[in-house]
Amino acid sequence: MLSSRIQKIKPSATLAINAKAIELIKQGKDILKFGTGEPDFDTPQNIKDAAKRAIDQGFTKYTAATGIPELKEAVIQKLKRDNHIEAKTENVLITNGGKQALFNLFMTLLNPGDEVLIPSPYWVSYSDIVAVCEGSSKFIDTRSNHFKLTAKMVEEAITPTSKILILNSPSNPTGMMIEKEELEKIAEIALKNNLYLISDEVYEYFCYDGKTHFSIGSLPELSELVFTVNAVSKTYAMTGWRVGYIVGPEIIIKKMGYLQSHSTSNPCSIAQKAALEALTGPQDSIQIMAREFLKRRNFVFEAMNQIPGFQLQKPEGAFYAFPDISGCFNGQMRNSFDFTEFLLEKAGVAVVPWGAFGEPGKNHIRFSYATSMQDIEEGIERIKSIL
Ligand SMILES: Cc1ncc(COP(=O)(O)O)c(C=O)c1O
Numbered sequence: 000m001l002s003s004r005i006q007k008i009k010p011s012a013t014l015a016i017n018a019k020a021i022e023l024i025k026q027g028k029d030i031l032k033f034g035t036g037e038p039d040f041d042t043p044q045n046i047k048d049a050a051k052r053a054i055d056q057g058f059t060k061y062t063a064a065t066g067i068p069e070l071k072e073a074v075i076q077k078l079k080r081d082n083h084i085e086a087k088t089e090n091v092l093i094t095n096g097g098k099q100a101l102f103n104l105f106m107t108l109l110n111p112g113d114e115v116l117i118p119s120p121y122w123v124s125y126s127d128i129v130a131v132c133e134g135s136s137k138f139i140d141t142r143s144n145h146f147k148l149t150a151k152m153v154e155e156a157i158t159p160t161s162k163i164l165i166l167n168s169p170s171n172p173t174g175m176m177i178e179k180e181e182l183e184k185i186a187e188i189a190l191k192n193n194l195y196l197i198s199d200e201v202y203e204y205f206c207y208d209g210k211t212h213f214s215i216g217s218l219p220e221l222s223e224l225v226f227t228v229n230a231v232s233k234t235y236a237m238t239g240w241r242v243g244y245i246v247g248p249e250i251i252i253k254k255m256g257y258l259q260s261h262s263t264s265n266p267c268s269i270a271q272k273a274a275l276e277a278l279t280g281p282q283d284s285i286q287i288m289a290r291e292f293l294k295r296r297n298f299v300f301e302a303m304n305q306i307p308g309f310q311l312q313k314p315e316g317a318f319y320a321f322p323d324i325s326g327c328f329n330g331q332m333r334n335s336f337d338f339t340e341f342l343l344e345k346a347g348v349a350v351v352p353w354g355a356f357g358e359p360g361k362n363h364i365r366f367s368y369a370t371s372m373q374d375i376e377e378g379i380e381r382i383k384s385i386l
């Protein structure tokens, strides 16, 4: 009855634990949630006001399927200013969140069996989107270098059917980054092997300890091979508004636009106006969030390493801690899933188990610190008290 394509998608490993958390909350239990991948901040007022204005001015109809020209122009200016990427309107597609940018791209580039190289641990959706687009995921185990991808790892993983490599720095779920020098070496490999690169930069502004994000799309020699994916979702606390964008070679962006025109059409007209204000209005909300995440990162790093059985390497960016919790395993609690269930039932603490992030993360859980400091302090106390 079902297509073979859809049967390749697995239910999200986070769903089971989330469903259980919701069930417990319904029963009146006090559950602290550290599973979500979104800032706990409100969308800034100037952005909300822009959306209200759009409604009042009747900007409520279809727009160009690929996005409004002024938003594309704002993306171009932002890329020039912050990422040193040169782009023209023809290189930009506005999408329904970063996720649709990735989906459109895989649909446009992949033939059955084409290989996508995914550094692992990885964000759960990559491999499922590849599967539904009939590509084949090949995971690159990054454990040997503290979850930081190296050019050597890419070189060793590449095969004649490798078509795309995904880069995600800072990373969800590990919080680790790939340094500029390593990215430059990866760029050489991509050029030599005609490998497309997808640089998923949704956490670009959340980098700590003086580390700076480098956009591989700024290397001019790669202009026919790199796609830079981003969204207003995390940067401006706008996860629900669903606006993202992708920038890359004109001919492929154009085909992605055709696909979008026959599927979702334009991203919401009102949300596009809000995203325009986000990119062109005051930018101070980003620094406010980044400073707060840094404070929380520092606290979580110290506090988690004092929990018996926990080992947390310092996250360099994003807003996730990815501790190794194998020191807590025993006869009854044999893996990350058991541990996650135990935390939820005994401590009322919801985190994400490794299953969402690939085999190399199997001794880990993901704990999002995009929650209030008060909840974080209490959550960690509760974990300590049951171990
Ligand atoms: C690494 C990564 N890329 C892309 C996305 C998608 O973001 P959006 O909500 O804009 O679709 C997420 C969201 O969690 C993410 O973590």
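Under numbering that gives the first Met the number 0, the sequence shown is numbered contiguously, ending at residue 386.
Beta carbons are placed, not taken as given, at the ideal position from N, Cα and C, and that holds for glycine.
Just measuring C-alpha positions, the residue of Q310, L311, G326, V299 sitting nearest G378 is V299. A direct Cα-Cα distance of roughly 12 angstroms separates A270 from Y61. In this chain, the beta strand (DSSP E) harbouring R365 covers 364 to 367. Under the DSSP assignment, A289 falls in the alpha helix (DSSP H) whose first and last residues are 283 to 303. DSSP lists D199, I245 as the bridge partner or partners of V228. The C-alpha of Q305 lies about 54 angstroms from the C-alpha of A63. Looking at the DSSP output, L166 sits in a beta bridge with S198. For T339, the enclosing alpha helix (DSSP H) covers residues 335 to 341.
Taking 4 residues as the shortest admissible run, the region 102 to 152 contains the following complete alpha helix (DSSP H) segments, listed from N- to C-terminal end: 124 to 131.
Closest in alpha carbon position to I30, among N362, G354, A349, F356, is A349. The alpha-carbon separation between M255 and I5 amounts to approximately 21 angstroms. Shown here for M152: same chain residues with a beta carbon closer than 6 angstroms to its own, the five before and five after excluded, namely I139 in chain order. With a threshold of 16 other beta carbon atoms within 10 Å, T211 falls short and is exposed. Closer than 7 angstroms to some heavy atom of ligand 1: that describes the Cβ of S232. DSSP places T279 in the uninterrupted alpha helix (DSSP H) bounded by 268 to 279. Its chain contains L196, L224 as the residues whose beta carbon lies nearer than 6 angstroms to that of A189, once the 5 sequence neighbours on both sides are disregarded; these appear in chain order.
The beta carbon of I16 lies closer than 7 angstroms to those of G34, T339, L343, A349, V351, P352 in the same chain, with the five residues before and after it left out.
Check the Cα spacing between E133 and each of I117, L148, D113: the tightest is with D113. Under the DSSP assignment, I379 falls outside any beta strand (DSSP E), being part of the alpha helix (DSSP H) whose first and last residues are 372 to 385.
The beta carbons of L278 and V115 sit no closer together than 8 angstroms.
Comparing C-alpha distances from I128 to each of P118, S143, K98 shows the shortest one belongs to K98.
Excluding five sequence positions before and after M175, the CB atoms of its chain that fall closer than 6 angstroms to its own CB belong to F146, K147, E315, given in chain order. In the same chain as G357, and ignoring 5 residues on each side of it, the C-beta atoms closer than 6 angstroms to its own belong to S119, P120, Y121, F138, in chain order.
DSSP, reduced to helix, strand and coil, places G96 within a helical segment of the structure shown.
Pairing I215 with S264, the inter-Cα distance amounts to about 29 angstroms.
Only residues of its own chain outside the window of five on either side were considered, and among them P118, L148, I177, L182, I185, L196, I197, S198, D199, I215 have a CB closer than 8 angstroms to the CB of L166, listed in chain order. The bridge partners DSSP lists for Y319 are S367.
As computed with DSSP, S262 is found in no beta bridge at all.
For A53, the uninterrupted alpha helix (DSSP H) segment begins and ends at 44 to 55.
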